[in-house]
Amino acid sequence: MNEKMQTIALIAHDKKKDEMLDFVGHHKDLLNKFHLIATKTTGTLVNKNYQLKVETMMSGPLGGDQQIGARVATEQVHYVIFLRDPLTSQPHEPDINALLRLCDVHNIPLATNRKSAHILLQYASRKLEDRERYPSTH
Numbered sequence: 000m001n002e003k004m005q006t007i008a009l010i011a012h013d014k015k016k017d018e019m020l021d022f023v024g025h026h027k028d029l030l031n032k033f034h035l036i037a038t039k040t041t042g043t044l045v046n047k048n049y050q051l052k053v054e055t056m057m058s059g060p061l062g063g064d065q066q067i068g069a070r071v072a073t074e075q076v077h078y079v080i081f082l083r084d085p086l087t088s089q090p091h092e093p094d095i096n097a098l099l100r101l102c103d104v105h106n107i108p109l110a111t112n113r114k115s116a117h118i119l120l121q122y123a124s125r126k127l128e129d130r131e132r133y134p135s136t137h
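Under numbering that gives the first Met the number 0, residues 0 to 137 are what the sequence shown spells out, in order.
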């Protein structure tokens, strides 16, 4: 990974995987400018469908959310897009809440639905353009 490349974490609950794939397909060219990490199934689907280089963690229920949380806590993740299914109980809800809390504690932009993900990606794109235009200030 390029040390200056910003990292976006992609996570989607099972009922939101198709929505994540649509989102990634719509923003493929922009996402390709970032280092991407994802929980196992989400990352595997993105890699398979769009040939983006996604570093995969474990599956969310098996510790993937916590692996991403550890990277948030050590400032190795700059943005999190987590398409959550708020209507389905998750067996690893404490891990999910811990990840959301870490994003708040470390002031990491977090999107939990598609519209907020679009806004987050617009912001990330603007910050990327600024970094490219004025590299010495970042």
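Where a beta carbon is used, it is the ideal one built from N, C-alpha and C, also for glycine.
Close beta carbons around residue i, own chain, < 7 angstroms, minus the five adjacent residues each side
i, result
"LEU119", "TYR78, ILE80, PRO108, ALA110"
Burial state of residue i (16 or more Cβ within 10 Å)
i, result
"THR87", "exposed"
"GLN50", "exposed"
"LYS14", "exposed"
Own chain partners of residue i with C-beta closer than 8 angstroms, once the 5 adjacent residues on each side are dropped
i, result
"GLU18", "ALA11, LEU82, ARG113"
"THR6", "MET0, PHE33, HIS34, LEU35, ILE36, ARG70, GLN75, VAL76, HIS77, TYR78"
Host alpha helix (DSSP H) of residue i (start-end)
i, result
"PHE33", "First-last for PHE33: undefined, no H or E at that position."
"GLU18", "16-25"
"LEU120", "113-132"
"LEU98", "92-104"
"ILE67", "63-72"
Residue i versus the options, residue with shortest Cα-Cα distance
i, options, result
"HIS26", "TYR133, ALA123, PRO134", "ALA123"
- Query: How do the segment 20-33 and the segment 93-100 stand: do at least 3 beta-carbon pairs fall below 8 angstroms, yes or no?
  - Reply: At 8 angstroms Cβ cutoff, the stretches do not touch.
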